[in-house]
Amino acid sequence: MQINRSILFLFVISLFVNAFTNSIKFPAGFHKGTGISVYQNGGHLIGESNWSNFENAFVYANAKQLCGPAIKNDEKVGRAAGFWDLAFDDIKLIKELGCNAFRFSIEWPEVEPIQGVFNDEVLDFYERYVDELIKNNITPMITLYHFVHPLWFEKMGGFESEENIALFVRYCQKVFERLGKKVKFWGTINEPTVVAACGYVLGIHPPGKCLRFTKSAQVLCNLLNAHVETYCALKKMPNGNQAQIGIIHQVLQAETFNPVFATNWLIGLMRKYTGFPLAQFLNKVFAHNVTKKFLKTGEFEYRIPGLTTVKLYNPDAPNSYDFIGMNFYSKVVFGPGPTCYPHQQMTDMDYPMSPETLYQAIVDLSDLGKPIYITENGVADAKDCLRENFIREYLSSVQKAIADGYDVRGYYYWTLMDNFEWNDGFSMKFGLYDVDFITQKRTLRKGAEIYRDMV
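Counted the way numbering that gives the first Met the number 0 counts, the sequence shown spans residues 0 to 454.
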């Protein structure tokens with residue numbers, strides 16, 4: 000019998016594909032997940048927030064000069080991907096991927112739309128949502144703060160004020176009181192370094208302030224202390240000892256491309272006059288070393304020579320987390336503009352694919368001595384031409400780290416579906432599922448199929 004050559008060719012290729020996908024093995028109990036931020040996927044249900052206020056504002060370089068709309072294309076989150084209407088239907092999408100874990104945020108403005116007034120209907124909704132995830136054998140991981148807080152809290156100074164930390168802790172206790180008996184994994188605060196840097200140095204997140212280095216340091220300090228106080232408070236509550244509570248930290252790496260570029264001239268100037276090279280400056284601005292040292296020793300020192308120094312010591316910090324959640328995307332390469340090395344490909348964001356640096360980031364955070372969950376890792380890829388290789392190569396880096404003995408216990412691809420990507424609006428397509436924001440139709444991207452096959 001003669002076999003069609005094309006069929007034989009496809010059969011052989013499928014053997015190679017299956018051999019590869021089956022070679023990605025994870026330890027027992029490994030979280031194979033994905034995640035969302037509820038605000039990015041559904042906007043507001045009833046509350047107002049720092050972000051809804053920011054979306055309707057303009058960013059100023061100073062008191063007199065108007066820069067333009069805060070959000071790209073002057074977009075507003077609206078109902079985004081319709082989370083509040085379609086959340087339970089979307090659990091089917093998570094299950095179809097084969098994921099056994101799902102990270103999502105609780106939205107403080109919906110839970111406490113008025114100071115001191117908690118909305119039981121919203122908490123009921125979240126409890127039913129958790130129940131449905133568990134019913135489908137999907138382990139929930141809740142993020143208590145993902146960039147968004149009530150507008151009333153913002154008007155009180157938000158995390159600029161140390162006195163406001165108690166209000167945040169009270170909200171977290173209210174949520175844990177309701178869901179702590181059902182949810183084991185909790186992230187207190189998502190990317191505190193990003194909140195501080197993007198809100199007070201770059202001015203691209205609320206409250207849109209630029210180059211306020213001292214204020215940025217104070218906000219970061221308060222966020223980290225809020226994490227510590229929340230951890231201690233939740234651990235004392237019923238079910239607290241059984242809960243795994245951590246903080247979600249973004250690891251940002253950066254370097255320059257070539258010594259002939261002008262950025263290297265800037266490095267030389269900064270070394271000459273401040274003894275502070277640009278790469279270290281960026282690391283201090285986004286405060287990776289600051290945060291890591293605080294979590295390891297309790298010592299907080301945010302220092303930019305000639306600009307600001309903020310110090311604090313919190314002895315409870317080293318024992319304030321059961322795991323570290325790591326958000327990692329790439330190593331930023333600086334040149335005459337956003338750039339990459341010849342062997343790399345640029346993503347739609349201003350950074351390249353760089354899977355080997357995920358391994359380096361795991362090694363870096365491992366000296367904290369706590370289990371690592373990779374709580375965000377994904378690619379913005381509107382043409383869906385990078386996603387398959389991205390998933391394959393980054394997961395291979397995770398597998399290598401595990402094989403080398405590093406305690407990585409989960410990987411959450413960011414994100415389940417296209418959403419409102421903060422100051423970039425709807426332009427960045429991170430989703431495993433493409434979303435038509437008019438019809439709300441979800442379609443699994445071709446490049447995402449490999450994730451389904453692997454997990």
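Heads up, the beta-carbon is just placed ideally off N, CA and C, and yes, glycines get one too.
No experiment lies behind these values; they were computed from the predicted model shown.
Asked: Euclidean distance between Cα positions of Lys-173 and Gln-343; Found: 46 Å
Asked: Three CB pairs or more closer than 8 Å across the segment 358–368 and the segment 400–419; Found: yes
Asked: Distance between Gly-377 and Arg-169 (C-alpha atoms, nearest Å); Found: 33 Å
Asked: According to DSSP, residues forming a beta bridge with Met-416; Found: Tyr-432
Asked: Alpha-carbon spacing of Val-227 relative to Pro-26, whole angstroms; Found: 30 Å
Asked: Where Lys-330 falls, given that 16 or more other Cβ within 10 Å makes a residue buried; Found: buried
Asked: Limits of the beta strand (DSSP E) - the one that Gly-41 falls within; Found: Where Gly-41 is concerned, there is no enclosing beta strand (DSSP E), although the alpha helix (DSSP H) it sits in stretches over 37–41.
Asked: Straight-line gap, Ile-318 to Gly-115 (C-alpha atoms, nearest Å); Found: According to the sequence provided, residue 318 is Asn. The question's Ile does not apply to it. Using only the alpha carbons, I get a separation of about 30 Å.
Asked: For Thr-213: DSSP bridge partner residues; Found: DSSP output for Thr-213 lists no bridge partner at all.
Asked: Glu-190 versus Cys-197: straight-line alpha-carbon distance, rounded; Found: 11 Å
Asked: Host alpha helix (DSSP H) of Ile-361 (start-end); Found: 355–365
Asked: Proximal residues to Ala-242 (C-beta, below 7 Å), its chain only, five neighbours per side dropped; Found: Gly-179, Lys-183, Trp-185, Leu-233
Asked: Three CB pairs or more closer than 8 Å across the segment 208–215 and the segment 134–146; Found: no
Asked: Assumed close pair Asp-380, Thr-356 - CB separation to whole angstroms, cut-off 8 Å; Found: That belief does not hold up - the Cβ atoms of Asp-380 and Thr-356 are roughly 18 Å apart, past 8 Å.
Asked: Rounded C-alpha distance that separates Leu-223 from Leu-311; Found: 11 Å
Asked: Run of the beta strand (DSSP E) containing Gly-207, from where it starts to where it stops; Found: No beta strand (DSSP E) contains Gly-207, which DSSP labels as neither H nor E.
Asked: Beta-carbon proximity check, Tyr-393 vs Pro-354, cutoff 8 Å; Found: yes
Asked: Val-309, DSSP secondary structure in three states; Found: strand
Asked: Inter-residue Cα distance where the pair is Cys-384 and Pro-370; Found: 33 Å
Asked: Ile-437 versus His-30: straight-line alpha-carbon distance, rounded; Found: 33 Å
Asked: Ile-246 burial status per 10 Å Cβ neighbour count (16 or more: buried); Found: buried
Asked: Cross-strand partners of Phe-293 (DSSP beta bridge); Found: Note: Phe-293 sits in no beta bridge, so no partner.
Asked: Spatial distance of Tyr-298 from Asp-452 (CA atoms); Found: It should be noted that the sequence gives Glu, not Tyr, for residue 298. Rounded to whole angstroms, Glu-298 to Asp-452 spans 44 Å at the Cα level.
Asked: Glu-375 burial status per 10 Å Cβ neighbour count (16 or more: buried); Found: buried
Asked: 8 Å Cβ shell around Cys-231 - same chain, five flanking residues per side excluded; Found: Asp-315, Ser-319
Asked: DSSP bridge partner residues for Glu-298 (one or two, in chain order); Found: Tyr-312
Asked: Alpha carbon of His-148 to alpha carbon of Asn-326, nearest angstrom; Found: 20 Å
Asked: Opposing strand residues paired with Lys-181 [DSSP bridges]; Found: In the DSSP output, where bridge partners are listed per residue, Lys-181 has none listed.
Asked: Cutoff 7 Å; reference Glu-117; Cβ partners in own chain excluding five residues on either side; Found: What sits at residue 117 in the sequence shown is Phe, not Glu. Only Val-110, Glu-111, Lys-173 meet the Cβ criterion.
Asked: Spatially closest choice to Tyr-358 from Ser-396, Gly-324, His-43, by CA coordinates; Found: Ser-396
Asked: Pick from Cys-339, Ile-373, Phe-333, Arg-441 that is closest to Gly-81, judged by C-alpha positions; Found: Arg-441
Asked: Cβ separation of Phe-158 and Ala-100, assumed to be a contact under 8 Å, to the nearest whole Å; Found: Contact doesn't hold; Cβ gap of about 28 Å is too wide.
Asked: Enclosing alpha helix (DSSP H) for Ala-196 [first to last residue]; Found: 191–199
Asked: Contact check, His-488 vs Ser-51, beta carbons under 8 Å; Found: Residue coverage of the chain in this structure runs from 0 to 454, which leaves residue 488 outside it and unanswerable.
Asked: Residues bridged to Glu-54 [DSSP beta-bridge criterion]; Found: None, per the DSSP bridge assignment.
Asked: Residue range of the unbroken alpha helix (DSSP H) whose run includes Lys-134; Found: 119–134
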